[in-house]
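Residues 190 to 298 (this note's numbering) are what the sequence shown spells out, left to right.
This report refers to the structure that appears directly beneath it.
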Amino acid sequence: MLIVAALFAGLVRNARSQGAAMEPRLRRFAAGLGLWLAAVAVAAGSGWMADSPMPRLMIVLPATVLVSLAAGCSWAGEWFTGLPLPLLVGFQAFRLPLELILHDWAATG
């Protein structure tokens with residue numbers, strides 16, 4: 190969640206530097222992102238996904254792919270194409286420690 194918040198803060202800063210024309214799109218993006226994060230948080234927090242993880246995961250996973258594709262094909266995707274490649278790779282740096290933690294959890298049972 191902190192990474193998403195940092196990304197959103199960067200989008201807000203960029204939108205302000207480009208003027209008010211970005212504001213309506215940014216509001217729609219913020220509303221959509223907030224709804225998506227809230228829906229996933231409610232599904233996970235309520236235990237809905239833990240009751241039967243695989244069948245329910247098959248609902249959330251395609252929805253995640255569709256939301257990602259929609260974001261990539263929108264103005265946000267155009268904005269991401271303007272970012273330097275090292276920044277985009279660096280943004281994914283959190284994944285290595287996360288994978289190591291997940292591997293350790295799987296090994297311990």
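Even for Gly, the Cβ is constructed at its ideal location relative to N, Cα and C.
Do residue i and residue j have their CB atoms nearer than 8 angstroms?
{"i": "Trp264", "j": "Asn203", "result": "no"}
{"i": "Met238", "j": "Leu246", "result": "yes"}
{"i": "Val201", "j": "Leu222", "result": "no"}
Check the C-beta distance from residue i over to residue j and give it rounded, since I have them as a contact under 8 angstroms.
{"i": "Phe197", "j": "Ala219", "result": "7 angstroms"}
{"i": "Trp225", "j": "Val254", "result": "Going by Cβ atoms, the distance from Trp225 to Val254 rounds to 13 angstroms, so no, they are not a contact pair."}
Leaving out the 5 sequence neighbours to the left and right, which residues in its chain are closer than 8 angstroms to residue i when beta-carbon positions are compared?
{"i": "Gly266", "result": "Ala260"}
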